[in-house]
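Asks: Submitted below is the structure of interest, expressed as C-alpha cells.
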Amino acid sequence: MALEESDTDLKAGETAPDFELEASDGETYTLESFEDAEALLIVFTCNHCPYAKAKFDLLNDIAAEYDDVSVVGINPNDAEEYPDDSLESMREYVDAGEIEYDAYLRDADQSVAKSYGAVCTPDPFLFRRGEDGDFKLAYQGRLDDALNPEDEPSRIHVREAIDSILAGEAVDLEWRPSQGCSIKWTDD
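Just so you know, the sequence shown maps onto residues 1 to 188 in the UniProt record's numbering.
See the structure below:
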C-alpha cells in the first residue's frame with residue numbers, strides 16, 4: 001500500500017469535468033443526475049484501502065444530514081488486480097449498508113479519475129452550483145485532520161466547506177493535500 005498525497009490540476013472555480021458512469025445500483029449517472037444539489041462532493045474512493053474505509057461513516061453521515069448536498073463516491077481502482085474494488089464488491093458494500101452515499105460509481109477505464117487529477121483514496125472534490133448552473137470547484141483537500149485511519153479527527157474540513165457553500169459564503173480553508181492509498185492504475 002503506497003501512501004499518496006493529491007495535487008490536483010483543477011483550480012478553484014473551475015467546472016467539474018463531466019462523466020457518465022455505472023453505479024452500484026445498476027443506473028448510469030452524469031453530473032446532471034445531481035442538478036438539484038447546491039453542492040456536490042465527489043470522492044475518489046474504494047473498498048479496500050484503510051484510509052478510504054476510515055471515512056465511510058463520515059461520508060455516509062454527510063449524505064444523510066445534508067439535503068442540498070450530493071455525496072458521490074467514484075471507485076477508479078484496477079479491479080483485476082484488486083477484486084475487492086469490482087462493481088460486484090461495490091454492490092455488496094452498498095447492500096450491507098457500509099456505504100450509503102447518494103451514488104457509488106465505477107470508473108472502470110479510470111478516465112474520470114484522470115480528468116479530475118485524483119491520485120489517492122480518498123480524494124475529495126467539493127463543488128458549488130455556479131450561477132450558470134455548472135458545478136464549480138470550491139474545495140479540494142483532506143476530509144478532516146485525521147492523518148491515519150485509526151486517528152479520531154478533531155476538525156472536519158469538508159463539513160466547514162459545505163457549511164460555507166450552503167451559507168452562500170466563500171470557502172476559507174487552506175487546501176491541504178488529500179492523503180490515502182494510491183489509486184491502482186491499470187496502465188502502471
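Backbone N, C-alpha and C define an ideal beta-carbon position, used for all residues, glycine too. For clarity, every value in this text was computed on a predicted model and none was experimentally measured.
So residue 77 and residue 162 are in contact, right, with Cβ under 8 Å, and what is the actual spacing, rounded?
Replies: Locating residue 77 in the sequence shown gives position 77, counting from the first residue. Locating residue 162 in the sequence shown gives position 162, counting from the first residue. No, residue 77 and residue 162 are not in contact; Cβ-Cβ is about 26 Å, not under 8 Å.
Asks: Tell me whether residue 118 sits in a helix, a strand or coil according to DSSP, three-state version.
Replies: In the sequence shown, the residue the question calls residue 118 occupies position 118. If DSSP states are grouped into helix, strand and coil, residue 118 belongs with coil.
Asks: For residue 129, count neighbouring Cβ atoms within 10 angstroms of its own Cβ and tell me buried if that reaches 16, exposed if not.
Replies: The residue given as residue 129 occupies position 129 in the sequence shown. So residue 129 ends up on the buried side.
Asks: Give, in chain order, every unbroken run of the alpha helix (DSSP H) that is at least 4 residues long and sits entirely within the UniProt domain "Thioredoxin" (10 to 167).
Replies: The UniProt domain "Thioredoxin" (10 to 167) contains these whole alpha helix (DSSP H) runs: 50 to 53, 56 to 65, 87 to 95, 111 to 116 and 157 to 166.
Asks: How should residue 30 be labelled, buried or exposed, when 16 other C-beta atoms within 10 angstroms of its C-beta is the threshold for buried?
Replies: As a working mapping, residue 30 is identified with position 30 in the sequence shown. Under this definition residue 30 is an exposed residue.
Asks: Rounded to whole angstroms, what's the CA-CA distance from residue 137 to residue 95? Just pull it up for me.
Replies: The residue given as residue 137 occupies position 137 in the sequence shown. The residue given as residue 95 occupies position 95 in the sequence shown. Using only the alpha carbons, I get a separation of about 31 Å.
Asks: Can you list, in chain order, the residues of its chain whose CB lies under 6 Å from that of residue 22, leaving out five sequence neighbours each side?
Replies: Counting from one through the sequence shown, the residue named residue 22 turns up at place 22. Excluding residues within five positions, the ones whose Cβ falls inside 6 Å are 28 and 106.
Asks: Which partner residues does residue 182 have in the DSSP bridge list?
Replies: Here residue 182 is taken as the residue at index 182 of the sequence shown, counted from 1. Answer is 120.
Asks: With burial defined as no fewer than 16 other Cβ atoms inside 10 Å of the residue's Cβ, what is the status of residue 70: buried or exposed?
Replies: The count along the sequence shown starts at 1 and reaches residue 70 at position 70. Under this definition residue 70 is a buried residue.
Asks: Could you compute how far the alpha carbon of residue 63 sits from the alpha carbon of residue 169?
Replies: Here residue 63 is taken as the residue at index 63 of the sequence shown, counted from 1. Here residue 169 is taken as the residue at index 169 of the sequence shown, counted from 1. Using only the alpha carbons, I get a separation of about 21 Å.
Asks: Output the distance between the C-alpha atoms of residue 135 and residue 152, rounded to the nearest integer angstrom.
Replies: Along the sequence shown, read from residue 1 onward, the residue named residue 135 stands at position 135. Along the sequence shown, read from residue 1 onward, the residue named residue 152 stands at position 152. Looking at the two C-alpha atoms, the distance is approximately 31 Å.
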